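Worksheet: one structure, shown below.
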Amino acid sequence: MRIKINSIQLVGAKRVVPFEAGLNVITGPITTGKSVLMRCLRGLLGSGLKGFPREIRNNVSHLSGEIIIGSDSYRIVRPFVTTENARVEIAGNNFAERLPAMKPTRTADYTYGTWLLDAMGLPTLRVPKAPTKPDSELSPLSINDFMMYCTLEQDEIDKSVFGHDNTHKNIKRQYVFDVVYGNYDLDVTILQSKLRDAYRHLHRYENQTETIEELLEDTPFSNRAKIELQINEYETELRQLESSEVQLASRATAKSGTEEIRSKIRVLEADLSKLQTSLVAEENGREQMRTLLGQLHIQANRLTRSIVAETYLLDFDFVVCPRCGTGVSSDRTLDDHCYLCLQTPTPQLGKKEFVQEHARIERQIDETEDIIDFHSHNIEQISESIKLINPELVSLHAELDHKTESFVSAQAEELRSVASRRAKLIESLKNLRSYLGLFEKQGEAINKIKQLQGEIVDLEAQIDASLSSASQTASYFNYLDEQFAKILDKFRVPQFHNPGITGINRRSYLPIVQGRPFSEFSSPGLRVMVNVAHALAHQLTAIHFDLILPNLLLIDGLSGNMGYKDLDATRIQAIYDYLELVADNYKDRLQIIVSDNSIPDSVSKYIRLELSEEGKLIPADVLNNG
299 MRIKINSIQL
309 VGAKRVVPFE
319 AGLNVITGPI
329 TTGKSVLMRC
339 LRGLLGSGLK
349 GFPREIRNNV
359 SHLSGEIIIG
369 SDSYRIVRPF
379 VTTENARVEI
389 AGNNFAERLP
399 AMKPTRTADY
409 TYGTWLLDAM
419 GLPTLRVPKA
429 PTKPDSELSP
439 LSINDFMMYC
449 TLEQDEIDKS
459 VFGHDNTHKN
469 IKRQYVFDVV
479 YGNYDLDVTI
489 LQSKLRDAYR
499 HLHRYENQTE
509 TIEELLEDTP
519 FSNRAKIELQ
529 INEYETELRQ
539 LESSEVQLAS
549 RATAKSGTEE
559 IRSKIRVLEA
569 DLSKLQTSLV
579 AEENGREQMR
589 TLLGQLHIQA
599 NRLTRSIVAE
609 TYLLDFDFVV
619 CPRCGTGVSS
629 DRTLDDHCYL
639 CLQTPTPQLG
649 KKEFVQEHAR
659 IERQIDETED
669 IIDFHSHNIE
679 QISESIKLIN
689 PELVSLHAEL
699 DHKTESFVSA
709 QAEELRSVAS
719 RRAKLIESLK
729 NLRSYLGLFE
739 KQGEAINKIK
749 QLQGEIVDLE
759 AQIDASLSSA
769 SQTASYFNYL
779 DEQFAKILDK
789 FRVPQFHNPG
799 ITGINRRSYL
809 PIVQGRPFSE
819 FSSPGLRVMV
829 NVAHALAHQL
839 TAIHFDLILP
849 NLLLIDGLSG
859 NMGYKDLDAT
869 RIQAIYDYLE
879 LVADNYKDRL
889 QIIVSDNSIP
899 DSVSKYIRLE
909 LSEEGKLIPA
919 DVLNNG
């Protein structure tokens with residue numbers, strides 16, 4: 299997949315660097331910022347931003363740049379912070395997004411790194427952290443894992459092959475190789491994920507059965523058949539004991555002669571309840587009549603006063619006029635006139651009517667007193683009846699307690715024995731059923747183990763079939779070997795005595811030069827030549843077969859470990875000549891960006907940024923203002 303960086307801007311540091319298709323060179327002496335800029339380019343493509351010099355941290359607020367993926371152009375703005383979920387802004391043709399850099403957030407699980415994978419057509423895969431363990435935890439292949447094949451870092455270019463000396467990076471390096479070259483496809487990934495789950499469940503059930511075995515071993519409960527037989531015996535005995543308890547209860551009632559007493563007590567308690575209910579009703583009725591009697595006496599007294607005084611039953615006195623509110627007084631007129639309206643009152647009722655009403659109320663008073671007496675009489679009778687019942691109930695309860703206590707005392711030993719044995723049986727049954735439950739769990743686990751073992755055999759067969767199926771991987775390998783050997787020849791790599799094959803190890807995916815593995819090279823310069831040739835061989839193979847490897851190559855510190863005289867200078871020139879040739883031939887597919895302290899004159903036309911002691915990556919005026 300073609301990927302090209304058009305430009306990068308260090309926002310806040312007044313530094314904008316443009317790039318072209320094909321070969322691009324950044325040059326200048328040490329400590330001027332070449333490697334920092336190369337790291338910024340990787341940061342623009344999703345790499346972490348930790349460990350930068352303070353001049354960069356203090357003066358650069360954002361990384362901004364324009365990149366091309368395939369045929370689409372995008373503007374990227376990334377905050378220059380180490381926070382992994384800081385938002386990266388992406389804008390393209392009819393496209394705009396703002397995504398967390400590399401780590402999902404609670405509200406956004408799609409990241410800038412994931413977007414880069416999708417945009418470049420790279421798969422989103424999770425691979426085992428420990429490939430040799432089928433039940434190993436999974437780890438995602440990130441954009442940085444794929445970009446590993448596109449980057450030769452200054453601190454690794456003369457020491458390792460894409461960081462192969464780091465265990466974690468080496469595992470990811472091999473997985474990326476498998477994915478790019480067709481050794482690792484999605485179907486196999488799914489099958490291996492199922493296989494890991496099956497192994498994880500298998501280990502869990504195996505541990506469960508072993509734990510149960512250890513728990514039951516050398517105990518009285520190690521035999522399931524014996525436990526089941528014991529449960530049946532205990533359940534039978536428990537039913538017999540419960541039957542005995544019922545029989546003892548029946549005998550207690552029959553032999554103690556308490557049934558007749560209990561019957562009398564039930565009758566008397568029912569009668570007592572009725573009498574107490576009637577007593578409450580009579581007392582409530584008497585109280586209501588007494589209240590009514592009091593009201594009648596008050597009314598009769600008022601009528602008596604009216605008859606004697608021959609006045610109206612009007613007790614209203616006005617202090618103010620009810621119409622206008624003006625104060626009024628009873629001395630404003632004669633006594634036989636109304637002091638409010640100043641008129642002579644006209645009686646509406648005569649003395650005869652008052653006398654008749656008084657006689658009617660007196661009759662009602664007499665009737666009410668009769669009712670009160672009736673209620674009082676009933677209350678006395680009910681109370682007497684209650685007094686008669688209570689002693690009889692007390693006597694019957696005492697007799698019942700005496701007879702029951704006598705019988706229980708006589709049967710106490712038998713009752714205690716039955717109760718004790720029953721409690722022991724219940725506890726024993728509880729324990730036995732618990733142990734039987736362990737056997738049932740063990741049986742379920744064993745069945746699961748058998749099922750999982752069958753699934754594992756089937757999954758491993760499917761994986762073997764998928765991995766052994768015919769593919770073009772062999773032709774990819776052969777072409778990669780040819781390109782690697784050809785490039786090393788162009789670089790004029792030193793010749794060894796009794797040379798062997800040159801190519802890529804089929805197991806470790808590490809380069810072999812004239813039969814010697816990378817670990818045997820003691821010369822840093824030779825390691826640089828091998829790493830550059832190896833990275834270029836991967837790019838040319840990917841372009842030739844249209845593999846999914848991103849077609850971008852960043853080389854930091856190309857000649858730093860090589861001499862500049864005689865044969866070393868010739869080899870540096872040869873490397874740059876070949877880089878120029880490849881860049882010109884694949885200008886539309888492959889972009890190469892090289893940083894180097896010094897370069898041959900022949901590639902000066904490819905310089906995009908030349909730094910110096912006076913003109914470092916972060917300009918002096920920016921540092922002074924900071």
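The numbers in the working numbering rise by one with no breaks, and the one at position 2 of the sequence shown is 300.
Where a beta carbon is used, it is the ideal one built from N, C-alpha and C, also for glycine.
Every value quoted in this text rests on a predicted model; they were computed, and no experiment measured them.
Residue ranges of uninterrupted alpha helix (DSSP H) with 4 or more members, entirely inside the segment 427 to 511 and ordered along the chain, are 441 to 445, 465 to 478. The residue from K332, I744, R825, S627 with its alpha-carbon nearest to that of S896 is K332. DSSP places K863 outside both helix and strand once states are collapsed to three, so it counts as coil. A distance below 8 Å separates the beta carbons of P797 and Q812. The beta carbon of V309 sits closer than 6 Å to the beta carbons of S359, H360, S362 from its chain, once the five residues preceding and following it are set aside; these are given in chain order. Secondary structure note for R352: its alpha helix (DSSP H) is the uninterrupted segment 352 to 357. Of the candidates V323, S434, R300, the residue whose Cα lies closest to the Cα of R424 is S434.
The DSSP assignment places 332 to 342, 352 to 357 as complete runs of the alpha helix (DSSP H) inside the segment 332 to 391, in order along the chain (cut-off: 4 residues). The three-state secondary structure of R658, taken from DSSP, is helix. For F737, DSSP records no beta bridge to any residue. For D787, the uninterrupted alpha helix (DSSP H) run begins and ends at 771 to 788, by DSSP.
Each of E364, E382, N383 was checked against the Cα of V375, and the nearest Cα belongs to E364. In the DSSP assignment, R825 falls outside any beta strand (DSSP E) and within the unbroken alpha helix (DSSP H) covering 822 to 843. When C-beta atoms of the segment 740 to 753 are compared with those of the segment 791 to 809, fewer than three pairs fall below 8 Å, so the two segments do not count as touching. V920: member of the alpha helix (DSSP H) spanning 918 to 923, first to last residue.
Each residue's CA atom was taken as its position, placing H499 and P429 some 18 Å apart. Between the segment 877 to 894 and the segment 846 to 853, the count of C-beta pairs closer than 8 Å reaches three or more; the two stretches touch.
Per the C-alpha coordinates, the member of E697, G741, E318, I324 positioned closest to S857 is I324. Q812 carries a coil assignment under DSSP once its states are collapsed to helix, strand and coil. The Cβ neighbour count for R805, taken over all protein chains shown within 10 Å, is under 16; the residue is labelled exposed. For A319, there is no enclosing beta strand (DSSP E), as DSSP marks it with neither H nor E. One alpha carbon belongs to S821, the other to E508, and they sit about 55 Å apart. The residue from R731, T839, G735 with its alpha-carbon nearest to that of K784 is T839.
By alpha-carbon distance to K914, the top candidate from I328, Q307, E318 is I328. Close CB contacts of S628 within its chain, under the 6 Å cut and outside five residues either way in sequence, are with Y637 (chain order).
Residue range 410 to 417 is occupied by the alpha helix (DSSP H) that includes A417. Of K431, I891, L909, the smallest CA-CA separation from N304 is found for I891. Per DSSP, the continuous beta strand (DSSP E) segment holding L852 begins and ends at 850 to 854. Between the segment 407 to 424 and the segment 451 to 467, the count of C-beta pairs closer than 8 Å stays below three; the two stretches do not touch. Contact between N829 and I455 holds, with the beta-carbon distance rounding to 5 Å and staying under 8 Å. DSSP, reduced to helix, strand and coil, places N304 within a strand of the structure shown. Taking a 10 Å sphere around the C-beta of L436, we find fewer than 16 other C-beta atoms and assign the residue as exposed.
Sequence-distant partners of G411 (beyond 5 residues in either direction) whose C-beta falls short of 8 Å from its own C-beta, in its chain, are G344, A399, M400, S440, I441, N442. Counting the other Cβ atoms within 10 Å of the Cβ of S773 gives fewer than 16, which makes it exposed. Annotation: the continuous beta strand (DSSP E) that includes P398 extends over 393 to 398. Under the three-state reduction of DSSP output, E912 falls in the coil class, being neither helix nor strand.
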